[in-house]
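Each residue of the sequence shown is one higher than the last, beginning at 1 in our numbering.
Read through the structure below, which is laid out as C-alpha cells, and then see the notes.
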Amino acid sequence: MTTPPAAAGDDTGALGPLAHQGTPERLTALSDGIFSIAMTLLVLDVRVDPDLDGRAFHQALADTVPNVLAYALSFAILGGFWRSQRRILAHVHHVDGTMVVLTLAELGAVALLPFPTSLLSEYPSQSLAVALYSAAIALIALLHMALWVAVWKREHLRRLPVTDRTGRWMAADMAATVLVAGAGVPIAFASPQAAMWSWLALWPLKAFTGRRFVAA
Numbered sequence: 001m002t003t004p005p006a007a008a009g010d011d012t013g014a015l016g017p018l019a020h021q022g023t024p025e026r027l028t029a030l031s032d033g034i035f036s037i038a039m040t041l042l043v044l045d046v047r048v049d050p051d052l053d054g055r056a057f058h059q060a061l062a063d064t065v066p067n068v069l070a071y072a073l074s075f076a077i078l079g080g081f082w083r084s085q086r087r088i089l090a091h092v093h094h095v096d097g098t099m100v101v102l103t104l105a106e107l108g109a110v111a112l113l114p115f116p117t118s119l120l121s122e123y124p125s126q127s128l129a130v131a132l133y134s135a136a137i138a139l140i141a142l143l144h145m146a147l148w149v150a151v152w153k154r155e156h157l158r159r160l161p162v163t164d165r166t167g168r169w170m171a172a173d174m175a176a177t178v179l180v181a182g183a184g185v186p187i188a189f190a191s192p193q194a195a196m197w198s199w200l201a202l203w204p205l206k207a208f209t210g211r212r213f214v215a216a
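Structure, rendered in C-alpha cells:
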C-alpha cells in the first residue's frame, strides 16, 4: 500500500504514525492516571481497626490525626503539581523523547510519594522519615522544573509563545519548591520538627514568584 503524499507544509505524511504518537494527548492521559492513583493511595493510611469499644474507638480515631494531616499535605502538593503539569503540556503540540523521559521520571517519583507520606505519618519524630519525605518532594519538583525548561527552550514543540521573562519566572516558581524541600533534608537530621516548620517558607516564596509570573 502506498502512502499518499503529504500536503505542502504538512509533515504528517512524512512522519507517519509518529506524528500522532508525538502529540501530548497520550502523555496527558497517562499523567492524569498516575496522579489520580497516587492521590487515591494516600488515603489508605487513614484507617481505624474494626471491633473497637467506645473508648478504644475514640483513641484510635484520635490516632489518625497525623495520618490525615500527612494525607492532606501530600494531596495538596500533588494537586499543585498536577495543575502545573497540565499547564505545561497545554503549551505543546508535539512531544519529543526528552519530554517523554522527563515526564515518566516525574510520574515515577509521584507514584512513589505514598510511601514517604506513610513514613511521615507514622514516624514524624524520626529524622530519616522526614528527610525522605523532603527528598521525595524535592525530586518531583526538580523533574517538574526540568520538564518545563525542556518545553520553554524547545520552541518547535510549543503551540503557545513563551517569553523569556515568563519562562524564567515559571522556572523560579518551581525552583522555590526544590530549594525549600531540598533544604528540609539536612535540617531533618538536626531536628525533624524544624524541618517540617521550614516547609512553611514555601508559602511566601511561592507568593512572590507567583506574583512575578502573573506580572510577566
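Don't be surprised by glycine CBs; every beta carbon is placed ideally from N, CA and C.
Since this is a predicted model, take the numbers as computed values, not measurements.
Chain D within 8 Å of residue i, Cβ atoms only
i, result
"residue 59", "The question asks about chain D, but that chain is absent: this structure has only one protein chain."
Residue i and residue j closer than 8 Å at C-beta
i, j, result
"residue 117", "residue 84", "no"
"residue 109", "residue 77", "no"
"residue 176", "residue 142", "no"
Neighbourhood of residue i by C-beta distance below 8 Å, restricted to the same chain and skipping five residues each side
i, result
"residue 23", "93, 94 and 95"
Close beta carbons around residue i, own chain, < 6 Å, minus the five adjacent residues each side
i, result
"residue 64", "46"
"residue 28", "89"
Distance between beta carbons of residue j and residue i, contact taken as under 8 Å
i, j, result
"residue 138", "residue 181", "4 Å"
"residue 185", "residue 135", "5 Å"
"residue 133", "residue 120", "5 Å"
7 Å CB neighbourhood of residue i in its chain, flanking five on each side removed
i, result
"residue 153", "none"
"residue 149", "171"
"residue 106", "140, 143, 144 and 147"
"residue 209", "169, 172, 173 and 176"
"residue 199", "180 and 184"
When the options are compared against residue i, the one with the closest alpha-carbon
i, options, result
"residue 235", "204, 188, 26 and 37", "The requested residue 235 does not occur in the structure, where the chain is confined to residues 1 to 216."
"residue 159", "32, 204, 128 and 90", "90"
"residue 207", "188, 192 and 174", "174"
"residue 103", "203, 193, 200 and 33", "33"
"residue 51", "114, 61, 156 and 26", "61"
"residue 193", "35, 126 and 72", "126"
"residue 66", "124, 131, 156 and 196", "124"
"residue 131", "41, 196, 81 and 43", "196"
Which full runs of the alpha helix (DSSP H) of 4+ residues lie inside the stretch 60-114, going along the chain?
65-90 and 97-112
Ordered list of beta strand (DSSP E) runs contained in the stretch 110-175, each at least 3 residues:
none
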